[in-house]
Each structure stands twice: as C-alpha cells, then as structure tokens.
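Residue numbers (my numbering), protein chains in the order written: chain A, 9 to 119; chain B, 9 to 121.
This is how it looks when you write it as structure tokens:
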C-alpha cells in the first residue's frame, strides 16, 4: 500500500524560506509530484521528481531521496499569494499510473 | 482554451436522489479522472479513463458510475446519493496515463442532506 505523510499546517513570514516535507511508505513508485491548491480553487501542478535530487522552478524547488523515503517542497522569497495547501503525490508502480495524494499541508504566509 | 470545465459548480441533493456531474476538456487529452476531496484529506481517485472507450475503478468507486462519452467528456453519476457523498468533486485530465501533470477543473461542491 501507499501512505504519504505531510505536516498539516506550516506558518512562515513573507520573504522567508519554507520547507514542506513529505515522507512516504510505498513499495515503489515512478516519481514524486507536488500540487498547489488555493482555498476554493483547483489543484495545480508545481513539480515532478523522477530521480533523486533537486529540481528548481523559479522560487519553488522540489527534492527527492528514495533511500530516505522522503521528499520536500522548498518555497523561497515567500509571498502572501503562496498561502495555499500543498499536496505531494506519487504514482505507485503496479498501480496503473494512478496518482495517490498526501493529506496536504496548509501554508500560511504572514506579514 | 477553457482547459477542464465542470458543471454544476454547486449542488444540494436529498438522500436517494440521483445526479450526473459533467466534465469536459478541450486539450485533446487521452486520460481523464474523477476525484473527491474531503476536509483534511487529500484527493482520492473515484474512477478514471485511460483513453476513450475505457474506464476503471479508483480507490473509492462504491456508489458511483462513470461514462466516457467521447474524448472530451467524462461524466460521474450518483445513482442514489448518500450523506457520505457530501464532498468536493474534481475532474482532471492528462495527455496520457503516464504523464506526470494532471489538469484539474474548478470542482463541484455537492451536499447531500
């Protein structure tokens, strides 16, 4: 089976750097994805890590370590508009290419 | 491009009533999905369609049926609604099952009384 654990809530100050962790227990997966969802909105794709290491996309970076069963999303130069929920997700091997989502982390950016 | 569209945006049903949630995408994607999202939980896959003409069960299919009407449209039907089906329903699409990015619609907020 698959289980993805995330902190339920993280608070940070505008301009700061914040890391949202995702630890997982799964027998195998193709890669780790991250999605952002604003209150009342639809999830939107942020990043995908197929291999171990860091992927950078502007202010956002995502990291994967398969040996540690761990990944994270790093948000730099936080802005108020980054206040949202962030979900990690995996496609388990043998799972028919279906995404399994974590429970999500609500990020609150304060002045 | 409108992307993924869903109708209705809001719906209130009584227990036992039936309804169909509509979803359409204009990105020429092969794969489409239906998820539900409950407070404090991530998205859970209800059904998906890898390509036109095929549908498969996801994690929580009980109480639902789907139809892949054509490449653009994928509908979700509740035959006899129950309060446990109160949720936000999202439709999504991707170019193919192996594609890592899924595009989501705005959601349908369903309340079953």
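All C-beta atoms, glycine included, are put in the ideal place defined by N, C-alpha and C.
Does the contact criterion of 3 or more C-beta pairs under 8 Å hold for the segment 52 to 71 of chain A versus the segment 15 to 22 of chain A?
The segment 52 to 71 of chain A, when compared against the segment 15 to 22 of chain A, does not touch it at the 8 Å Cβ threshold.
Quick check on residue 170 (chain B): buried or exposed, where buried means 16 or more other Cβ atoms within 10 Å of its Cβ?
Any answer about residue 170 (chain B) is impossible in this case: the structure gives chain B only from 9 up to 121.
Got a sec, what are the start and stop residues for the beta strand (DSSP E) residue 100 (chain A) sits in?
Walking along the first chain from the start, residue 100 (chain A) turns up at place 92. Where residue 100 (chain A) is concerned, the enclosing beta strand (DSSP E) stretches over 92 to 100.
Which residues in chain A sit within 7 Å of residue 84 (chain B), going by Cβ to Cβ distance?
For this step, residue 84 (chain B) is matched to residue 76 along the second chain. By Cβ distance, chain A contributes nothing, its closest Cβ being about 16 Å from residue 84 (chain B), past 7 Å.
Given a limit of 9 Å on CB to CB distance, which residues of the segment 48 to 80 of chain B reach chain A?
Hits within the stretch, in order: 48, 49, 50, 51, 52, 53, 56, 58, 64, 66, 67.
Could you check if residue 46 (chain A) is buried or exposed, using at least 16 other CB atoms within 10 Å of its CB as the buried criterion?
Along the first chain, read from residue 1 onward, the residue named residue 46 (chain A) stands at position 38. So residue 46 (chain A) ends up on the exposed side.
Roughly how many angstroms lie between the CA atoms of residue 75 (chain A) and residue 101 (chain A), to the nearest whole one?
The count along the first chain starts at 1 and reaches residue 75 (chain A) at position 67. The count along the first chain starts at 1 and reaches residue 101 (chain A) at position 93. If I take the Cα positions, the gap works out to 16 Å.
Please report the Cβ distance between residue 21 (chain B) and residue 118 (chain B), rounded to the nearest whole angstrom; I am assuming they are in contact, meaning their Cβ atoms lie under 8 Å.
To locate residue 21 (chain B), count along the second chain from 1; it is residue 13. To locate residue 118 (chain B), count along the second chain from 1; it is residue 110. The pair is a contact, with the Cβ atoms about 7 Å apart (cut-off 8 Å).
Show which residues of chain B have a CB atom less than 8 Å away from the CB atom of residue 56 (chain A).
On the first chain, residue 56 (chain A) is found 48 positions in, with the first residue counted as 1. The contacting residues are 108, 109.
Does the count of Cβ pairs from the segment 21 to 32 of chain A and the segment 46 to 58 of chain A closer than 8 Å reach three?
Contact between the segment 21 to 32 of chain A and the segment 46 to 58 of chain A is absent, because fewer than three Cβ pairs lie under 8 Å.
Is the number of C-beta pairs between the segment 96 to 111 of chain B and the segment 41 to 56 of chain B that are closer than 8 Å three or more?
Flag = yes, the segment 96 to 111 of chain B and the segment 41 to 56 of chain B touch.
Report the residue ranges of all beta strand (DSSP E) runs contained in full by the segment 37 to 84 of chain B; include only those spanning at least 3 residues, in chain order.
Runs found: 39 to 45, 51 to 57, 72 to 76.
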